[in-house]
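Note that the sequence shown covers residues 1438 to 1720 in our numbering.
One structure below.
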Amino acid sequence: MADQHTSVPTVALNSGHAIPQLGYGVFKVDPAKTEKYVTEALEVGYRHIDTAAIYGNEEGVGRAIASSGIPRDELFITTKLWNDRQAGDEPRAAIQESLEKLQLEFVDLYLVHWPAPANGNYVNAWTTLVSLNEAGLARSIGVSNHLVEHLAQLEAATGTLPAVNQLEIHPAYQQREVVEWCTSRGVHIEAWGPLGQGKYDLFGTPAVADAAAAHERTPAQVVLRWHLQKGFIVFPKTVNRERMAENFALFDFALSDAEVEAITALDPQDGSGRVGAHPSELN
Ligand code: NAD
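As structure tokens, this is what we get:
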């Protein structure tokens, strides 16, 4: 069993806690097989797992953690509040259900999954997360898919900024405005869909392919390394154990500044590179 997790750098959050910059994401991982894949990811060396209530696989994550024997303080577990639980005191009931499924007393990070603005409840959700954090049910709290207009509302209502904002980010879609707003305020960026979810030919672009050839690495490793050098937190998803190991082997090479810039230049900056839902439209 590999024991490389100590080589993963951590990022200091505004909560005072540290998050491993690389983790394993389980979006679209079959709930019936999640225990097996998370167990394999832990064997490869991952210690940071990103799940969500809506993924339906928190129980599998919980079973893998429980049977791993890994001390709780070596793990970093994130889950997320779904859009239909944002009103009233619902976030409290929702986190308690997630904790039960995960077999945990607290999560390391709890996120409001989407602002779902048409429902009008995301400020209430955030206010309730602040109290869940104070109650010790979530060591750090944050948001996902929140744009500047949403973040400004949270800040005005509570004075508490999220520890992270988890956003769709990959070379063709870098969301510079919201990234700049967050990073200038110490809100760290988690990049979901870091490989573009395989939905466009990212690996074949010369910027990625040339760097892969130069470093004798795979295109996926180059893209993930680009994320790390941009300061983003990533948790690529794969159910293939060899790729789990490939995606974990990112700390013994570095892209040059010119290589990073060439990949950064892949963003058309008109929003056309987006592969997922738009935060204003998903409710
Ligand atoms: P991703 O960019 O990680 O892409 C996953 C795809 O890339 C899979 O099809 C996989 O087969 C392929 N892949 C993985 N490693 C590879 C490799 N080494 N070589 C070639 N192909 C490889 O997309 P994702 O799963 O959507 O994002 C990662 C994580 O982000 C998710 O698992 C989830 O935890 C999180 N996420 C969050 C949100 C949100 O709204 N907050 C949305 C989507 C995903």
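All C-beta atoms in this analysis are idealised placements derived from N, C-alpha and C, irrespective of residue type, glycine included.
Computed from a prediction, not measured in an experiment: that's the story for all the values here.
So for residue i, helix, strand or coil by DSSP?
i	result
valine 1448	strand
serine 1693	coil
serine 1717	coil
arginine 1576	strand
proline 1552	coil
valine 1544	strand
serine 1504	helix
tyrosine 1610	strand
histidine 1442	Only weak support is given to the placement of histidine 1442: the predicted model assigns it a pLDDT of 44, under 50, and the question is left unresolved by the model.
serine 1709	coil
lysine 1667	helix
leucine 1661	helix
Taking 8 angstroms as the cut-off, is the C-beta of residue i nearer than that to any heavy atom in the ligand NAD?
i	result
alanine 1457	It is proline, not alanine, that sits at residue 1457 in the sequence shown. Checking every heavy atom of the ligand NAD against the Cβ of proline 1457, none is found closer than 8 angstroms.
alanine 1489	yes
proline 1631	yes
alanine 1657	yes
proline 1673	yes
valine 1645	no
leucine 1548	yes
tryptophan 1519	no
histidine 1607	yes
tryptophan 1551	yes
isoleucine 1582	Looking at the sequence provided, one finds asparagine at residue 1582 rather than isoleucine. Answer for asparagine 1582: yes, Cβ within range of the ligand NAD.
glutamine 1612	no
glycine 1497	no
lysine 1465	yes
For residue i, count the other beta carbons within 10 Å of its own beta carbon; 16 or more makes it buried, fewer makes it exposed. Which is it?
i	result
serine 1568	exposed
valine 1671	buried
aspartate 1410	Only positions 1438 to 1720 of the chain appear in this structure, which leaves residue 1410 out of reach.
arginine 1509	exposed
arginine 1622	exposed
valine 1445	buried
histidine 1715	exposed
methionine 1438	At methionine 1438 the pLDDT is 38, less than 50, meaning the model places this residue with poor confidence and gives no usable figure here.
valine 1498	buried
What is the C-beta distance between residue i and residue j, in whole angstroms, given that I count them as a contact (C-beta under 8 angstroms)?
i	j	result
histidine 1607	alanine 1575	Contact flag wrong, Cβ pair sits at about 27 angstroms.
tyrosine 1559	glutamine 1612	Rounded, the Cβ-Cβ distance is 18 angstroms, inconsistent with contact.
alanine 1609	glycine 1710	3 angstroms
asparagine 1520	histidine 1485	With 8 angstroms as the limit, asparagine 1520 and histidine 1485 do not qualify as a contact, their Cβ atoms being about 24 angstroms apart.
isoleucine 1578	proline 1552	About 15 angstroms separates the two Cβ atoms, so there is no contact after all.
isoleucine 1502	leucine 1518	With 8 angstroms as the limit, isoleucine 1502 and leucine 1518 do not qualify as a contact, their Cβ atoms being about 20 angstroms apart.
Determine contact between the segment 1613–1625 and the segment 1638–1653, defined as no fewer than three beta-carbon pairs at a distance below 8 angstroms. no
Three or more C-beta pairs under 8 angstroms: does that hold for the segment 1453–1473 against the segment 1493–1511? yes
Three or more beta-carbon pairs under 8 angstroms between the segment 1535–1551 and the segment 1698–1709, yes or no? no
Three or more C-beta pairs under 8 angstroms: does that hold for the segment 1657–1675 against the segment 1687–1703? yes
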